[in-house]
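>
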Amino acid sequence: MNNTKAYAAVSATAPLAAATIARREPTPHDVQIEILFCGVCHSDLHTVRDEWSSVMPTVYPCVPGHEIVGRVTRVGSAVTSHKPGDMVGVGCLVDSDHICPSCQAHDEQFCPEATFAYNSPDKHQTAAVTYGGYSESIVVDERFVLRIPKNLDPAGVAPLLCAGITTYSPIRRWGDISGKKVGVVGLGGLGHMGVKFTKAFGAKVVVFTTSPGKKDDALHLGADEVIISTDARQMKQHAGTFDYILNTVSADHDINAYIQMLGLDGNITLVGIPEKPLPVAAFALLFGRRSLSGSLIGGIRETQEMLDFCGEKNITADVEIIPIQQVNEAYERLLKSDVKYRFSIDMASLKK
Ligand code: NAP
Ligand code: ZN
Numbered sequence: 000m001n002n003t004k005a006y007a008a009v010s011a012t013a014p015l016a017a018a019t020i021a022r023r024e025p026t027p028h029d030v031q032i033e034i035l036f037c038g039v040c041h042s043d044l045h046t047v048r049d050e051w052s053s054v055m056p057t058v059y060p061c062v063p064g065h066e067i068v069g070r071v072t073r074v075g076s077a078v079t080s081h082k083p084g085d086m087v088g089v090g091c092l093v094d095s096d097h098i099c100p101s102c103q104a105h106d107e108q109f110c111p112e113a114t115f116a117y118n119s120p121d122k123h124q125t126a127a128v129t130y131g132g133y134s135e136s137i138v139v140d141e142r143f144v145l146r147i148p149k150n151l152d153p154a155g156v157a158p159l160l161c162a163g164i165t166t167y168s169p170i171r172r173w174g175d176i177s178g179k180k181v182g183v184v185g186l187g188g189l190g191h192m193g194v195k196f197t198k199a200f201g202a203k204v205v206v207f208t209t210s211p212g213k214k215d216d217a218l219h220l221g222a223d224e225v226i227i228s229t230d231a232r233q234m235k236q237h238a239g240t241f242d243y244i245l246n247t248v249s250a251d252h253d254i255n256a257y258i259q260m261l262g263l264d265g266n267i268t269l270v271g272i273p274e275k276p277l278p279v280a281a282f283a284l285l286f287g288r289r290s291l292s293g294s295l296i297g298g299i300r301e302t303q304e305m306l307d308f309c310g311e312k313n314i315t316a317d318v319e320i321i322p323i324q325q326v327n328e329a330y331e332r333l334l335k336s337d338v339k340y341r342f343s344i345d346m347a348s349l350k351k
């Protein structure tokens, strides 16, 4: 066991604070990583505050963080894919059973035995649950360690490991979106990556935002148009015109207002996970044969494909780098939709 500095919450109402956790000694198939940057995902906040208690109750202490970038410091004797010194990434997935149909289909996120970076039962029993990336180091099975393209800035790469793959995967699965009218709802961590990817795939990108102050940024990020979703007139103008919409909203909202934006056979995919269920109006779906679907991160192979694509196209997240000591303030800003457009924690600050 190795003692590691981390930031943890001890209850749903406690702020994150300095803690010491144990990491296992690398097994023959493990990679030990010194964490350089970790993105702050809204899922970290939902989990720390136990907002998903009915589906995934939080076990405390909770060390969040699943947008991890760092350098390999040690590898187990059987590891072939990574070596000390390599720049690598770890996202939401750190293990799975490798034999179920989902694993066979490279969709490890749906494996019944999927182990997530934090708040999942720890198979290695180092602790009751896994601890995430708000820490100095992590030990992960080599099959869940991703290669990071050398040309990309590590602070901006970290968010690709969750916000990146969560938006890339449904957009790719929808099909060829080039020339299609695509909406991205919510310009936060996921949303701004959604804009970058839909733009890169040649769509006509429209951002729906509740924050008028984000309009110029949205256009700068690649949006062709911006709709202030609180303005009924603007919403009405675009009703029934979208081929596809990606909904990244983290809080309670009227999903039907966005379903109405879809044209015939249009689809809206939910990736945001608000605390409470969203009531869906059947009529909004029926007229226009519209559909509503969901998507959860992406498999490991697809995550590597996304990282390689980002390397080729020079795509990273727009980040505000913070020391770990400012993470509680960052959570409060997330709740106010005040993030441009992802916080990336500089883990060197943990040594202070
Ligand atoms: P974020 O950075 O906080 O962005 C969320 C955005 O939603 C805000 O910036 C805001 O954008 C918009 N928003 C907030 N409250 C709203 C409201 N009441 N009505 C309409 N829009 C509102 O969060 P994130 O990290 O991108 O995560 C977004 C959601 O995705 C979270 O629920 C998270 O847990 C979930 N998530 C899911 C997956 C998955 O695999 N499916 C993976 C990661 C995260 P505007 O200011 O532009 O309105
Ligand atoms: Zn996430």
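With numbering that gives the first Met the number 0, letter number 164 in the sequence shown gets 163, and the count goes up by one each step, no holes. For glycine and all other residues, C-beta sits at the position ideal for the given N, C-alpha and C.
Give me, in chain order, the residues of the same chain whose beta-carbon lies closer than 6 Å to that of ALA250; leave out the 5 immediate sequence neighbours on both sides.
PRO273
> Could you work out which residue in ARG300, ILE254, LEU44 and GLN103 is closest to LEU145 when comparing CA atoms only?
Distances from the alpha-carbon of LEU145 to those of ARG300, ILE254, LEU44 and GLN103 put ARG300 closest.
> For the pair the segment 279-291 and the segment 171-179, tell me if three or more CB-CB distances fall below 8 Å.
no
> When every heavy atom of the ligand NAP is checked, does at least one fall within less than 6 Å of the C-beta of ALA157?
no
> Along the alpha helix (DSSP H) that carries CYS102, what are the first and last residues, could you check?
Counting along the chain, the unbroken alpha helix (DSSP H) around CYS102 starts and ends at 100-103.
> Could you check what DSSP says for THR165 in three-state terms: helix, strand or coil?
helix
> Under 7 Å, do ASN266 and VAL184 count as touching if we go by C-beta distance?
no
> Can you say whether ARG288 is buried or exposed, counting buried as having 16 or more other CB atoms within 10 angstroms of its CB?
exposed
> Looking only at C-alpha atoms, which of ALA8, LEU44, LEU189 and ILE32 sits nearest to ARG341?
LEU189
> Between the C-alpha atoms of PRO27 and ALA231, what's the straight-line distance to the nearest angstrom?
If I take the Cα positions, the gap works out to 59 Å.
> What do you reckon, is the C-beta of CYS61 under 6 Å from a heavy atom of the ligand ZN?
Every heavy atom of the ligand ZN is 6 Å or more from the Cβ of CYS61, so no.
> Using 8 Å as the cut-off, can you tell me whether the segment 123-136 makes contact with the segment 6-23, which would need three or more C-beta pairs spanning the two stretches below that distance?
Counting Cβ pairs under 8 Å, three or more are found: they touch.
> Any heavy atom of the ligand NAP closer than 6 Å to the beta-carbon of HIS237?
It does not: the Cβ of HIS237 is nowhere closer than 6 Å to a heavy atom of the ligand NAP.
> Between the C-alpha atoms of PRO169 and THR268, what's the straight-line distance to the nearest angstrom?
7 Å
> Helix, strand or coil, according to DSSP, for ILE176 in the structure here?
Coil.
> Which of the three DSSP states, helix, strand or coil, is assigned to ILE272?
coil
> Rounded to the nearest angstrom, what separates THR57 and LEU15 at their Cα positions?
So the alpha carbons of these two residues sit roughly 14 Å apart.
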